[in-house]
Amino acid sequence: MFARPYILPASLLALIALAMAVAGPIPQLTDYHAFADQRALAGLANAADVLSNLGFLAVGAYGLLLVQRARTLRHLDDVRFSYGLFFAALVATAFGSSWYHLAPDDTRLLFDRLPIALACAGLLAVTARRHLDAPRCINGLLVAFAVGSVSWWGLTEDLRPYLLLQIAPLVVIPVVLVANRAPKAELEAFGCAIGWYVLAKVFEMADHSVFDVLGVSGHTIKHVLATAGTLCIARYLSAQVGTVVIPAHAGTPAESSGGANVYVRDARHGSPRARG
Ligand SMILES: [Zn+2]
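The letter at position 236 of the sequence shown is residue 217 when you use our numbering, and the numbering goes up by one with no holes.
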């Protein structure tokens, strides 16, 4: 049985999984590797789709720096590892996706999809740890699912588990944040990230037509927009790293450092609530 806070997100995921089970295996499109922009630049094949991964490297490295700076901050104890997983996966995405786009094929796509799956796992773990009182092992369970979902596609050509993992953050995170009355800054950050990611997927699906109109392909723009989404998460963590935790019983006025929000630990959930 799920503990109570899990019921709504678990039910939604179960419904999506059920719909996928009924739909049957979802294979990859046969022309998936035929990207619109195949122009080389200074000998670099598919240059735009390769170079547009640099943003993931920058945001991932910045996020890992923030995680390192947060190592002594108690109010981030529960989510530090999950954020680390997310940002490390972004760095890996930069390398995996660049390698794939240099010479797109199914084997290389494994190394593009695996870090993306791990990034989804990291974001889900952040939300589950912060708002659902999920135990630390949720990180390992989600990593196992991420690896399993990509392996399943590699072995069977069925994308359903991988797609489920991609859809899960888009459905679960907003529901959990709203249901748990998450602080406004957190709602805005994750809402912004999801918004950019959904827009990125729209451009991905219109790869060729966007290229015909703009001269820049939909897939290249997808990389950039998805990077913008990850930057929303990094900026939010940056604000969290700049917070000062003040005991709820403290009688002195709350002070902030560098204009960052001041948080008070919620004794019931161990999660911060914004003040001021
Ligand atoms: Zn790509």
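Yeah, the Cβ is synthetic: ideal placement off N, Cα and C, and Gly gets one too.
Check: Nearest-angstrom Cα separation, counted from Arg52 out to Ile299; Outcome: Within the shown structure, residues of the chain are numbered from -18 to 257, placing residue 299 beyond reach of any answer.
Check: Simplified DSSP state of Leu264, which is helix, strand or coil; Outcome: Within the shown structure, residues of the chain are numbered from -18 to 257, placing residue 264 beyond reach of any answer.
Check: Test item: CB-CB of Ile214 and Phe62 under 9 angstroms; Outcome: no
Check: Secondary structure of Cys260, DSSP reduced to three states; Outcome: A question about residue 260 goes unanswered here, because the residues of the chain that appear run from -18 up to 257.
Check: Secondary structure, alpha helix (DSSP H): runs of 4+ residues fully inside the region 75 to 135; Outcome: 87 to 112
Check: Close Cβ partners of Thr208 (< 7 angstroms) along its chain, the five nearest in sequence each way excluded; Outcome: Gly36, Phe37 and Val40
Check: Which of helix, strand or coil DSSP assigns to Gly176; Outcome: helix
Check: Tyr13 beta carbon near ligand 1 (any heavy atom closer than 8 angstroms); Outcome: no
Check: Cα-Cα separation between Ser78 and Ala160, rounded to whole angstroms; Outcome: 35 angstroms
Check: Counted within 10 angstroms of its Cβ, other Cβ atoms place Leu86 as buried (16 or more) or exposed; Outcome: In the sequence under discussion, the amino acid at residue 86 is Asp, which differs from the Leu named in the question. Label assigned to Asp86: exposed.
Check: Any non-hydrogen atom of ligand 1 within 8 angstroms of Asp18 CB; Outcome: no
Check: Cut-off 8 angstroms between Cβ atoms - residues of its own chain near Val48, not counting five sequence neighbours on either side; Outcome: Arg61, Tyr64, Gly65, Phe68 and Leu218
Check: Through-space distance from Ala106 to Ile119, alpha-carbon basis; Outcome: 6 angstroms
Check: Run of the alpha helix (DSSP H) containing Thr201, from where it starts to where it stops; Outcome: Gly199 to Val222
Check: Same chain only: Cβ atoms within 8 angstroms of Ala21, ignoring 5 sequence neighbours per side; Outcome: Asn27 and Ala28
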